[in-house]
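Trainee: Chains as they are written, first to last, in the working numbering: chain S, 98 to 359; chain D, 167 to 532.
C-beta atoms are modelled at their ideal positions from N, C-alpha and C, and glycine is treated no differently.
Bear in mind that the values here come from a model prediction, so they are computed numbers and not experimental data.
Handing you this structure, nothing more for now.
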């Protein structure tokens, strides 16, 4: 078991469905916290609303489970008032990219020193599977019964454009790479944004012929392509399969940051 | 040595906040409250505090609540449109018992309305604006001095009761310039700490749990979901919800006589003006111009929780007259509690009542 000291065992059993990817992301995050050697009373986990945002409730430290979309604004208050704290935000695609989109770009612009982990399952899971801003075009959900007609947001590219100092994207399948990315994000002063494509067999898979958990994980693994390979294929003018998304580190830089521990 | 100064109401509010130990301000510019943000932007860095201009009012109040959970005294200031945007997170602050101060320099509404004109149209919104049942504290200054004094008081009440506390002022008082005395220091009453062995949301008889801000080693989980005494979500048990929400309301409402702050002039009067905020200044003018012990004045400095016993300070009252800069908001609360007729003197449009208008109302009920 990873980081048993950081789990609220009295909160178990958790609310996550069988086959949910969020547990893997929590595990990777706590592994990174252990590697960083953070102390419990110097650390705060903050979240908004949604399946992802229930994660801080299972972690034994000070935690703020806030309102839908606003986690980054709450976290900005915590971190600016106490720069000596380690602040981690758990969020989801609906929380971050829809209702919280404005806070997302401004938190990246300010480059507040915190680690933001987005469990992007491409669906509103908590409310039962409605289309979100990251639902792929053509994908089915309870509110896109004829296939999503809107284009999806690329959250990692958005974070790069808005100014975050560290941006990476992995999937809940790539646990070693994800743990390393989260650790690197925690070590980088400024805002670190890690997008994690996570499987939601219950509410995404069910509507998209990915009902079984292995199918859902294979869907993520199979569509993920390392950035270097993607860039090479683009350079060669090769065909890139539909549904492909890039994984790896998008940026690591030293723009001026706010709320950095002195 | 306290020092007399000539100052604007909004600046006095900011100075009161600094004196009270406020060290975090998150805000968004909006007329007619902006001078509070401007003063805080200038003053906070000099006292080791943090000023941050957030992307909107939803983020402003969110950042203030986040800062408050680090044990920092935190404040935001806004006006009607921004106040409307803050409502969801104000409910979050009430539910999570986060001590924080929200200033509303009221302007004419609804919607964008009259940005540069005074109004008192948000009196019910500040009490009931967020969804669900809860209670809050609201203070209503009528002078630049009270912009300072009541801001200090708001921080102490917020901490003592662990409740979002409002300074509900308006364009007139916010932009008025008057002489104000700034004391060298003010009383600062911190929240009661969470006792060893107590659960984070376990309250004694007063209904107020001890406060363990982040970093105190208590690993507090804070959620806007209905929660048990541990702070853990418990959203389906009717008793858990009933127990929590009734306590949130009772901790403020049952202390209303204690929180009460009002001024009584001519308690033997038969015709009594009931006011809060700047209409009290017009009443004072009328009473100066027409000395008459049959005219009384009850002025509330705390409007929420509403202390109905204040009305009993005028045992001979035959009628209560209520000038408000709205179409009749607090008058509903007075009517609910008074045995006598309560007459609204509603005025909207952005100007204070004139003494002549109040005299006319007096004569109509003479």
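Please state the DSSP three-state secondary structure of residue 297 of chain S.
Mentor: Note: residue 297 of chain S maps to coil in three-state DSSP.
Trainee: Would you list, in chain order, the members of the region 202-223 of chain S that have their beta-carbon closer than 7 angstroms to a beta-carbon of chain D?
Mentor: Against chain D - using a Cβ distance shorter than 7 angstroms - the residues of the region 202-223 of chain S are 203.
Trainee: Can we say the region 473-483 of chain D touches the region 264-283 of chain D, given the rule of at least three CB pairs closer than 8 angstroms?
Mentor: They do not touch, by the three-pair rule.
Trainee: With distance defined between alpha-carbon atoms, name the residue in S:284, S:197, S:156, S:234 nearest to residue 357 of chain S.
Mentor: Considering only alpha carbons, the answer is S:284.
Trainee: Going by beta-carbon coordinates alone, are residue 216 of chain S and residue 119 of chain S separated by less than 8 angstroms?
Mentor: Contact: yes.
Trainee: Between the Cα of residue 467 of chain D and the Cα atoms of D:500, D:454, D:428, D:231, which residue gives the shortest distance?
Mentor: Residue 467 of chain D has its Cα closest to that of D:428, out of D:500, D:454, D:428, D:231.
Trainee: Alpha carbon to alpha carbon, what distance is there between residue 217 of chain D and residue 133 of chain S?
Mentor: C-alpha separation (whole angstroms): 30 angstroms.
Trainee: Along the chain, which unbroken stretches of the alpha helix (DSSP H) at least 4 residues long are found entirely within the region 303-354 of chain D?
Mentor: The region 303-354 of chain D contains these whole alpha helix (DSSP H) runs: 310-327, 337-341.
Trainee: Note down, in chain order, each residue of its chain lying with its Cβ closer than 7 angstroms to the Cβ of residue 254 of chain D, except the 5 sequence neighbours on either side.
Mentor: These residues qualify, in order along the chain: 296.
Trainee: Can you round the beta-carbon distance between residue 385 of chain D and residue 159 of chain S to whole angstroms, since I take them to be within the 8 angstroms contact cut?
Mentor: Correct: roughly 6 angstroms between the Cβ atoms.
Trainee: How would you list, in chain order, the residues of chain S whose beta-carbon sits under 7 angstroms from the beta-carbon of residue 235 of chain D?
Mentor: 161, 175, listed in chain order.
Trainee: Let's see if you can read the secondary structure: which residues bound the alpha helix (DSSP H) around residue 133 of chain S?
Mentor: First-last of the alpha helix (DSSP H) with residue 133 of chain S: 119-133.
Trainee: The beta strand (DSSP E) spanning residue 393 of chain D covers which residue range?
Mentor: It is not in any beta strand (DSSP E) - residue 393 of chain D carries neither H nor E in the DSSP assignment.
Trainee: Can you pull the chain D residues whose beta carbon is under 7 angstroms from the beta carbon of residue 111 of chain S, in chain order?
Mentor: Under the 7 angstroms cutoff, chain D gives no residues; its nearest Cβ is about 11 angstroms from residue 111 of chain S.
Trainee: Is the Cβ of residue 158 of chain S closer than 8 angstroms to any Cβ of chain D?
Mentor: Yes, because at least one Cβ of chain D sits closer than 8 angstroms to the Cβ of residue 158 of chain S.
Trainee: With distances taken from CA atoms, which of D:458, D:312, D:205 is nearest residue 532 of chain D?
Mentor: Nearest of D:458, D:312, D:205 to residue 532 of chain D, Cα basis: D:458.
Trainee: Ignoring anything shorter than 4 residues or poking outside the region 436-472 of chain D, list the alpha helix (DSSP H) runs there in chain order.
Mentor: The region 436-472 of chain D contains these whole alpha helix (DSSP H) runs: 445-455.
Trainee: Buried or exposed: residue 172 of chain S, going by 16 or more other Cβ atoms within 10 Å of its Cβ?
Mentor: So residue 172 of chain S counts as buried.
Trainee: What residues of chain D sit near residue 199 of chain S, judged by a beta carbon separation below 7 angstroms?
Mentor: Going along chain D in sequence order, the residues near residue 199 of chain S (Cβ under 7 angstroms) are 221, 222.
Trainee: With distances taken from CA atoms, which of D:227, D:183, D:194 is nearest residue 210 of chain D?
Mentor: Cα-wise, what sits closest to residue 210 of chain D is D:183.
Trainee: Note down, in chain order, each residue of its chain lying with its Cβ closer than 6 angstroms to the Cβ of residue 189 of chain S, except the 5 sequence neighbours on either side.
Mentor: Taken in chain order, the residues that qualify are 147, 149, 216.
Trainee: Would you call the region 323-334 of chain S and the region 298-311 of chain S in contact, with 3 or more CB pairs under 8 angstroms?
Mentor: They do not touch, by the three-pair rule.
Trainee: Rounded to whole angstroms, what's the CA-CA distance from residue 320 of chain D to residue 265 of chain D? Just pull it up for me.
Mentor: Straight-line Cα distance between these residues: approximately 10 angstroms.
Trainee: Could you give the distance in angstroms between the alpha-carbon of residue 438 of chain D and the alpha-carbon of residue 486 of chain D?
Mentor: Their backbone Cα atoms lie some 5 angstroms apart in a straight line.
Trainee: At 3 residues or longer, and completely inside the region 174-222 of chain D: list those beta strand (DSSP E) runs for me, N to C.
Mentor: Within the region 174-222 of chain D, the complete beta strand (DSSP E) runs of at least 3 residues are 188-193, 216-219.
Trainee: For residue 373 of chain D, would you say it is in contact with chain S, using Cβ-to-Cβ distances shorter than 8 angstroms as the test?
Mentor: False, the Cβ-Cβ gap to chain S never drops below 8 angstroms.
Trainee: Kindly list, in the order they appear in chain D, the residues whose Cβ is closer than 8 angstroms to that of residue 139 of chain S.
Mentor: Correct list: 381.
Trainee: Strictly under 8 angstroms for the Cβ-Cβ distance: is residue 188 of chain S near chain D by that measure?
Mentor: Chain D, which has no Cβ nearer than 8 angstroms to the Cβ of residue 188 of chain S, makes this no.
Trainee: State the DSSP-derived secondary structure class of residue 502 of chain D, mapped to helix, strand or coil.
Mentor: Residue 502 of chain D falls in the helix class under three-state DSSP.
Trainee: Counting contacts by CB-CB distance shorter than 8 angstroms, is residue 191 of chain D in contact with chain S?
Mentor: No, residue 191 of chain D does not count as interfacial toward chain S.
Trainee: Would you mind telling me which residues of chain S sit closer than 7 angstroms to residue 355 of chain D, beta carbon to beta carbon, in chain order?
Mentor: Ordered by position in chain S, no residue passes the 7 angstroms Cβ test against residue 355 of chain D, which lies about 20 angstroms from the chain.
Trainee: Could you check the C-alpha separation between residue 395 of chain D and residue 354 of chain D for me, to the nearest Å?
Mentor: Cα to Cα, residue 395 of chain D sits roughly 28 angstroms from residue 354 of chain D.
Trainee: Within this structure, are the beta carbons of residue 374 of chain D and residue 331 of chain D separated by less than 8 angstroms?
Mentor: No, Cβ-Cβ distance for residue 374 of chain D and residue 331 of chain D is not below 8 angstroms.
Trainee: Any beta carbon of chain S sitting closer than 8 angstroms to that of residue 258 of chain D?
Mentor: Yes - at least one Cβ of chain S is within 8 angstroms of the one on residue 258 of chain D.
Trainee: Can you tell me whether residue 173 of chain S is helix, strand or coil according to DSSP?
Mentor: Here residue 173 of chain S sits in helix by DSSP.
Trainee: Helix, strand or coil: which one does DSSP assign to residue 162 of chain S?
Mentor: The answer is strand: DSSP assigns residue 162 of chain S an E or B state.
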